[in-house]
Every structure is written in structure tokens, then in C-alpha cells.
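See below for the structure under consideration.
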Ligand SMILES: [Zn+2]
Ligand SMILES: [Zn+2]
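Numbering (my numbering), first residue to last: 244 to 546.
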């Protein structure tokens, strides 16, 4: 049974999460709420799979003392701090639409394309923007926010949402701005959102899945993303992609470890305090405030 699960879990969770999203839309829920609820379904499925076929038995969201912090960051970042960039985008949308119609610039989004090609365009734009904003977060000032995501010492599904509110605000703004400017259909953007959320959650999961090797060159698998969480800077400064790996392949930053059981997640000099509320302030205060060491060895990208 477990052998079968190792082969089917990954594709099955992707399909069930997308089916959950489509079902929730069909029964009349808003796209935003459907993405949220389908993501919850997705995380529960991954959580159960982590119990059945863990990659490493010592990793568990139930035994990780940081799990409550992970949940608090996920809720606060997306549901509260995330409202700020969404409000900015909503008001920007009105101004941009007015400006473009004044200049007689219309039809930036190719509505005449087949829906599949439009979806592919959403995917392409999302992945290009995600890759560069993620690389930016590995540099200088932005690293102080992104380090929260990387200081986790074990991988499981809750680590996906362990993102600082400051990083989430930047991410929502830059990922959605191209679609606001181009007037992209919201339905397609939300549909891609649940797809990338699903792959993102799976990328952090503590599950021993068997996948064909070529998959690591197509999508962000646990092997690909666990390597990005490695304490080893050579791996950490690689694998920046969100859902598909083509940007890492194009820019030569894809690195596949032999086995993600050998990856040790974490950062060498962790300046974050232990409690959620202090973690929110940590990037903005001197390291000495929390008696933490500087993070000099982590700044900048090593090639
Ligand atoms: Zn990163
Ligand atoms: Zn991650």
C-alpha cells in the first residue's frame, strides 16, 4: 500500500486540489475563497501523506515547536498584511484602466487567444516574476525578511506558509501588478494561484514520493525545493522557481541533490527570535536587539 502511495501521492494530490477548487467555484464560492479552501484541502491531504510516507521520520509538524509560529505567519501574512497590497492593486487597477483608455491603449491582454494559451501566458508571467522576486529576496535587505522562511530546520507542509508579512506584501504586489496592467481575466489568475499553491505546498512536504527523474526538470518537486532550503549556500542560492523549473534551467540555477534525505535545512547564523510577534519585528531591528548574531555569511548570492 505504501509503495503504491509513493508513486500516486504527488499526482493525486495535485488533481484532487484542482478538483476541489473547480467544485468550490461550481457551487458559487468566490475565486479568492475557493483558492483558500482548496489550499486547506491540499494541506490536509499532504499532512495525511506525511504521516503515511514520511521522507524523514524525525520531521513532523506535530513535533516541531515552530509549527504554531508557522500557522500564525501564514494566517497573518496572507489574510491581514496581504490586504494592504490587494487594496493598492484595486485602486491602481482603476487608475491604470482610466489612464490607458485616455491614451486609447486597449487590448493589452490577448482575449482572442484560446483559453489554454491565455492560461499558459498567466503561467509564464507568474513564473518569470516569481523567479526574480525570489532571487531579490536572497540579497541584502530583502534577505532579512526571507531568512524567516529559510531558518526552518525541518521540512513539512506548514513551512510553505512560513513567510514574513513584509515579504508577502512585496510578493502579492509584484506578482499581480502585470496582470492588473494587462487587464488579465481574474479567473485565470486565481486558477493558476491554486495550481502554484499546490505545487508550493508539495515542494515543502515531508513525503517520500517516487517521481520520474524528468519531473525535476519540469516542476518544483520536493527534491528541487528541499535543496533550496539547504544550509549549504551552494544549494540555497539555486532553485528559485515557484511551480515550473524552466527559469532555473534558463538562468543556470537549477541544482539537483542526489537525495533530499541528505539535505539539512536551515541557515548558518540565525538572527530570528523564537516567538512569532518578535519574528515580525526582527528584520527591522538590529540583530543585537534580540541578542542574535549577524548574518553576514548569508547575504549575497554565491555562484
Ligand atoms: Zn528562498
Ligand atoms: Zn520554501
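No residue lacks a Cβ here, since even glycine has one placed at the ideal position from N, Cα and C.
**Request:** Using the beta-carbon of each residue, find all residues closer than 7 Å to any heavy atom of ligand 2 and list them in chain order.
**Result:** 392, 402, 403, 446, 447, 468, 471, 472
**Request:** To the nearest angstrom, report how far apart residue 398 and residue 348 are at their CA atoms.
**Result:** 47 Å
**Asked** Comparing the CB of residue 389 with every heavy atom of ligand 1, is any distance shorter than 7 Å?
**Response** yes
**Item:** Cβ-heavy atom distance, residue 357 to ligand 1, below 7 Å
**Value:** no
**Item:** For residue 415 and residue 292, believed in contact at Cβ under 8 Å, the rounded distance
**Value:** Residue 292 to residue 415, Cβ: 28 Å. No contact.
**Prompt:** Taking the C-alpha atoms as reference points, what is the distance between residue 343 and residue 519?
**Reply:** 43 Å
**Item:** Contact check, residue 352 vs residue 439, beta carbons under 8 Å
**Value:** no
**Asked** Should residue 256 and residue 289 be called a contact, given that it needs their Cβ atoms to be closer than 8 Å?
**Response** yes
**Request:** Mind listing, in chain order, the continuous alpha helix (DSSP H) runs of no fewer than 4 residues lying wholly within the region 324 to 363?
**Result:** 326 to 345
**Prompt:** Which full runs of the alpha helix (DSSP H) of 4+ residues lie inside the region 423 to 491, going along the chain?
**Reply:** 429 to 447, 465 to 471, 476 to 479
**Asked** For residue 213, is the classification buried or exposed, using 16 other Cβ atoms within 10 angstroms of its Cβ as the cut-off for buried?
**Response** Absent from the model: residue 213. The displayed extent of the chain is 244 to 546, so no value can be given.
**Asked** Does the beta carbon of residue 377 fall short of 7 Å from some heavy atom of ligand 1?
**Response** Within the cutoff, so yes.
**Asked** For residue 405 versus residue 391, is the C-beta distance shorter than 8 Å?
**Response** Yes, the Cβ-Cβ distance between residue 405 and residue 391 is below 8 Å.
**Prompt:** Measuring CB to CB, does residue 365 end up less than 8 Å from residue 253?
**Reply:** In this structure, residue 253 does not lie closer than 8 Å to residue 365 by Cβ.
**Request:** Tell me whether residue 251 is buried or exposed, calling it buried when 16 or more other Cβ atoms sit within 10 Å of its Cβ.
**Result:** exposed
**Asked** Nearest-angstrom Cα distance between residue 516 and residue 338?
**Response** 41 Å
**Request:** Rounded to whole angstroms, what's the CA-CA distance from residue 272 to residue 332? Just pull it up for me.
**Result:** Roughly 22 Å between the two C-alpha positions.
**Request:** Verify the contact flag: residue 407, CB atom, against every heavy atom of ligand 1, threshold strictly below 7 Å.
**Result:** no
**Message:** Tell me the rounded alpha-carbon separation between residue 490 and residue 386.
**Reply:** Roughly 20 Å separates the two Cα atoms.
**Asked** Is residue 508 helix, strand or coil when you go by DSSP?
**Response** strand
**Request:** Please name the residue or residues paired with residue 297 in a DSSP beta bridge.
**Result:** 450
**Request:** Below 8 Å on the Cβ atoms is my guess for residue 463 versus residue 488; work out the distance and round it to an integer in Å.
**Result:** 6 Å
**Request:** Tell me where the alpha helix (DSSP H) around residue 245 begins and ends.
**Result:** 245 to 269
**Request:** Closer than 7 Å by C-beta to residue 540: which residues in its own chain qualify, once you throw out the five before and the five after it? Chain order, please.
**Result:** In this prediction, residue 540 has a pLDDT of 44, which is less than 50 and means its spatial position is unreliable; nothing more can be read from the coordinates.
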